[in-house]
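Asks:
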Amino acid sequence: MKFQYEIVSKLGGSEQVGLRLKCVSQLQAEELHRALRERFKVTKLMPSLHGEYTHFTYVTATEEELQQGWASIETSYAVNNAKVVADYSKQEAKAIQTFKSWQAQFRSIIKQLSEDIPSPTSTVQGINPNRIEQQIRIGQVTEAEEQLLQQLAEGDGNTLRSLITLYARTDKTEQLVDLFSIKRDEILALPVSGRLVEQLVHAHIQRSQQENLPELLQSAQQIAQEFLPELERIRQADGVRRLLHQAMNPQETIEPVTDGTLGEQLAQLVEIAPVERIPKLEVLQAKHPQSVPVLLNLAASYRAVGDANKALDLYQSIPAKTTEEQEEIQVRQIELLLSNNRFKEVINLLSDSVTELPPCLSGLRGAALYWMGQKSQARPFLEKAWQSGERQVEMLLPLARLWATEGNPENAAEVYLILIDVAPETLLLEDRAHIATLASLRGFGDISSEQEVIYYEQCIETAGSQLVSLLNAEDILKVRLDLWKHLNQTDKLLIAYGDWLDWLASQGQMDKLEVELTELRILTGTQQISRKQHFELLEGLEPYIDTLPRLRQNLSNEYQGLAINEIDNAIRQGRSEEAFFQDLKRALYYLSSEVVSQLVEYQQQSLSEAAKLGIQTSPGDEIPDSPLDLSALRLALVGGHTATRREVVRELTETYNMKDITEIAPSSESHISRNSIQSKISNCDLVAVITGYMGHDLSQIVSDLDKSGALTGQVILLPCRGKSGVVRTILSGIRALDFIS
30 MKFQYEIVSK
40 LGGSEQVGLR
50 LKCVSQLQAE
60 ELHRALRERF
70 KVTKLMPSLH
80 GEYTHFTYVT
90 ATEEELQQGW
100 ASIETSYAVN
110 NAKVVADYSK
120 QEAKAIQTFK
130 SWQAQFRSII
140 KQLSEDIPSP
150 TSTVQGINPN
160 RIEQQIRIGQ
170 VTEAEEQLLQ
180 QLAEGDGNTL
190 RSLITLYART
200 DKTEQLVDLF
210 SIKRDEILAL
220 PVSGRLVEQL
230 VHAHIQRSQQ
240 ENLPELLQSA
250 QQIAQEFLPE
260 LERIRQADGV
270 RRLLHQAMNP
280 QETIEPVTDG
290 TLGEQLAQLV
300 EIAPVERIPK
310 LEVLQAKHPQ
320 SVPVLLNLAA
330 SYRAVGDANK
340 ALDLYQSIPA
350 KTTEEQEEIQ
360 VRQIELLLSN
370 NRFKEVINLL
380 SDSVTELPPC
390 LSGLRGAALY
400 WMGQKSQARP
410 FLEKAWQSGE
420 RQVEMLLPLA
430 RLWATEGNPE
440 NAAEVYLILI
450 DVAPETLLLE
460 DRAHIATLAS
470 LRGFGDISSE
480 QEVIYYEQCI
490 ETAGSQLVSL
500 LNAEDILKVR
510 LDLWKHLNQT
520 DKLLIAYGDW
530 LDWLASQGQM
540 DKLEVELTEL
550 RILTGTQQIS
560 RKQHFELLEG
570 LEPYIDTLPR
580 LRQNLSNEYQ
590 GLAINEIDNA
600 IRQGRSEEAF
610 FQDLKRALYY
620 LSSEVVSQLV
630 EYQQQSLSEA
640 AKLGIQTSPG
650 DEIPDSPLDL
660 SALRLALVGG
670 HTATRREVVR
680 ELTETYNMKD
690 ITEIAPSSES
700 HISRNSIQSK
710 ISNCDLVAVI
720 TGYMGHDLSQ
730 IVSDLDKSGA
740 LTGQVILLPC
750 RGKSGVVRTI
760 LSGIRALDFI
770 S
């Protein structure tokens, strides 16, 4: 039997290669894995996250040894497993023939799982949102669902969160509601996040409205009540509360329960905002001064509105009656101290013996030690908490950073995946850089290059102008560029190349920059990028010619080479030069005016020689457009280098009579804020944003303003960074948007 497989020599240790397998079932994969073990030393069988394959393992062998031995492995599999495979195939075919509906299969699998497998604890690994988003984007929703259901049926509790996300992202509300009704206890044990609860509540509300099932609206309220106290603690409750309020019509609003039990009153109060809840809780406190639930809810509400001192005073006054109550009060008090950077107080409150502390408090002490700079002392406390199943956000970030910096990529990646899902707002630039590096170290498993590069893009988007503060910024930019080269996506490649060249120039690394200029010539020569794209990349380096003396001559040589190639190709193809040729000549004139006259002479000689040889050439019959009159247009020019903006403004004012141009410098040049930017550009007819990693924070602000409707004009993103490319793209946008009649 022949199997589809791929040997990946770059994966694994120095004596290993990676092996991707495509199998029709888990049973088949295990039997093939057994046949592999008879000949080679292999690691455990793992699911492959590469789109075309189902399983993955590392093999201790060279690529040649594994290739040579593959035939005997297939033979061994066929001899030992012929009957098993045949019987299994018949059963599988029969199952498919009798398959009537997805829901029958779904309910059967989940019901069996509920009966046979004990409820998992909260030690649930985080989902990989990039993987799920990629499968949705490329249309592999069914395949992803089948794989997750199979893994769920095999007892892999780590897939439950992924399945919820898949159903939520693809609007499969019926399946998500069914999943919750059957796996309620396991879902309640997942690490809590606003996103998770919003997905569950939204599914119940949507299905209630679609099928007129009011009981599902009540279920949505009950789910919210289960999670809201914890969501408030981690400051992620607003989205859930907003969903509930939008779903409830005014006439359906429940009247306050004044004569109900204390528990009923507290359950209802959790659905209203903390600032409105506090007066009602204070009334309850006066009636029930010794009630631990009332005091805990009131302290949590004080914390939610930012009154930490009141909350701490209340925690210290709560009369705990049991060990469990005492520990819960202490945990909440310490979490509040940590969130206010009062680490020394945490240390003073807790024992310094890792064996004496319960896991939850051990993790919190470890977090306090970490933030005080005592990382080696923090590690045993954090690891004890993790190994015991604790997943508090307060302990996760220090633990992820420790493992990432100490060479433990798989464990660090597992922790970061949880944080990406439950508390993405806690991840700083340092963490995004760790995550990108972990992806390359295979901490997230056998992921594809498409998945890997997403982590690098997220890091660079987070960084913006702060990328320079990263010690491994150069590696981040270079690996990202190499990944886009490998993926052969020209639009992304050009952006990554522009950032990489800009970085090298800004750091004064001329030797490396000259190597990249050579590489660009190769890419153009092999037609991976066009001469126009090559020119636009080079033009983005012009702002650095004053600080890098060698760069002026380099750019002059590159421009001259591009111009000659364009002249030669135009003659060979019997056409006039492309439109960018005039911009190229102007750029060359700016660098070295005498070279332009030589270029014109070369062009005339080439045309003359072509005519003598009988080669027909086009003199360029296109009549150039007369310059537009842009005097009535209000333009905002956002981002880019100072020199680039200056030249763009000069060109637009002198050639196109533009009178109203607002410049917005990136944060690397001046302080920026959403309000100040909005006040400057809100009334502009056109907002042109020069993209690039140095101005990403600025681009994001403009994008958010545009989405919120705060801008009256159109926004266009300019992928090029040089003067002529920016001017050309702005003019194209003006024509396309019919600003000029």
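Going by our numbering, 290 is the number at position 261 of the sequence shown; the sequence numbering is gapless.
By construction, the Cβ of each residue, glycine as well, lies at the ideal position given by its N, Cα and C atoms.
Since we're looking at a predicted model, the values are computed, not measured.
Just the Cα atoms here: how many angstroms apart are I596 and P748?
Replies: 26 Å
Asks: For the region 70-88 against the region 31-49, are there 3 or more C-beta pairs whose distance is under 8 Å?
Replies: At 8 Å Cβ cutoff, the stretches touch.
Asks: Please determine, among E435, T455 and L727, the residue with the shortest C-alpha to C-alpha distance to Q421.
Replies: T455
Asks: Leaving aside the five residues before and after A276 along the sequence, list all residues of the same chain whose C-beta is less than 6 Å from its C-beta, in chain order.
Replies: I234
Asks: Which of helix, strand or coil does DSSP assign to R604?
Replies: coil
Asks: Does E35 come out as helix, strand or coil in the three-state DSSP assignment?
Replies: strand
Asks: Count the other CB atoms, across all protein chains shown, that sit within 10 Å of the CB of M75; report buried if there are 16 or more and exposed otherwise.
Replies: exposed
Asks: Could you give the uninterrupted runs of the alpha helix (DSSP H) lying entirely in the region 691-722, keeping only those of 4 residues or more?
Replies: Runs of the alpha helix (DSSP H) inside the region 691-722: 703-710.
Asks: Could you pull out every residue in the same chain whose Cβ sits closer than 6 Å to the Cβ of Q204, ignoring the five residues on either side in sequence?
Replies: Y196
Asks: Helix or strand or just coil, what does DSSP make of L325?
Replies: Correct three-state label for L325: helix.
Asks: Taking 6 Å as the limit between beta carbons, can you name the residues of its chain near Q164, skipping five residues before and five after?
Replies: Closer than 6 Å at the Cβ level, and outside the excluded window around Q164, lie A173.
Asks: According to DSSP, simplified to helix, strand and coil, what is P149?
Replies: Because the pLDDT at P149 is just 33, under 50, the model does not fix this residue reliably, and the value given afterwards should be weighed accordingly. Note: P149 maps to coil in three-state DSSP.
Asks: In this structure, does DSSP put I480 in helix, strand or coil?
Replies: Residue 480 is actually Gln in this sequence, not Ile. Q480: helix per DSSP, three-state reduction.
Asks: Just to check, is the beta-carbon of V544 closer than 8 Å to a non-hydrogen atom of the ligand SAH?
Replies: What this structure holds is no ligand at all, so the ligand SAH is not there to describe.
Asks: Report yes if the CB atom of V206 is closer than 9 Å to the CB atom of R236, and no otherwise.
Replies: yes
Asks: Does DSSP put K350 in a helix, in a strand, or in coil?
Replies: coil
Asks: Looking at C-alpha atoms only, which residue of C713, G418 and E623 is the closest neighbour of R663?
Replies: C713
Asks: For Q557, collect the residues of the same chain with a Cβ closer than 7 Å to its Cβ; drop the 5 residues on either side in sequence, then sort them by chain order.
Replies: none
Asks: Helix, strand or coil: how does DSSP classify G402 here?
Replies: coil
Asks: At which residue ranges does the region 551-621 contain complete alpha helix (DSSP H) runs of 4 or more residues, listed in the order of the chain?
Replies: 560-568, 578-602 and 609-620
Asks: Where does L523 fall in DSSP's three states?
Replies: helix
Asks: So for I358, helix, strand or coil by DSSP?
Replies: helix
Asks: What first and last residue would you give for the alpha helix (DSSP H) that runs through T91?
Replies: Per DSSP, T91 lies in no alpha helix (DSSP H) segment and is marked neither H nor E.
Asks: Just to confirm before moving on: does the CB-CB distance between L411 and M401 stay below 9 Å?
Replies: no
Asks: Alpha carbon to alpha carbon, how far is L782 from L566?
Replies: Outside the displayed span of the chain (30 to 770) sits residue 782, for which this structure offers no information.
Asks: State the beta-bridge partners of R68 as determined by DSSP.
Replies: Paired residue(s): none; R68 is not in a bridge.
Asks: Checking the sheet assignment: what are the DSSP bridge partners for A665?
Replies: Checking the DSSP bridge columns, you'll see A665 partnered with T691 and V716.
Asks: Whole angstroms is fine: what's the gap from R306's alpha carbon to S469's?
Replies: 48 Å
Asks: Measure the alpha-carbon distance for H392 versus L431 and round it to whole angstroms.
Replies: The question names His, but residue 392 is Gly in the sequence shown. In a straight line, the C-alpha of G392 is about 13 Å away from that of L431.
Asks: Taking C-alpha atoms, which residue in V221, T352, A599 and V323 lies nearest to E419?
Replies: Ranking V221, T352, A599 and V323 by Cα distance to E419 puts V221 first.
Asks: State the beta-bridge partners of H84 as determined by DSSP.
Replies: L50 and P76
Asks: Take the Cβ of P438 as the centre, count every other Cβ of all protein chains shown within 10 Å, and call the residue buried at 16 or more, exposed below.
Replies: Label assigned to P438: buried.
Asks: Going by DSSP in three states, V221 sits in which element: helix, strand or coil?
Replies: Correct three-state label for V221: coil.
Asks: Candidates E607, D342 and R581: which alpha carbon is nearest I593's?
Replies: E607
Asks: Can you check DSSP and say which residues form a bridge with V744?
Replies: V716
Asks: Would you mind working out which of F473, S380 and S711 sits nearest V444, comparing C-alpha positions?
Replies: F473
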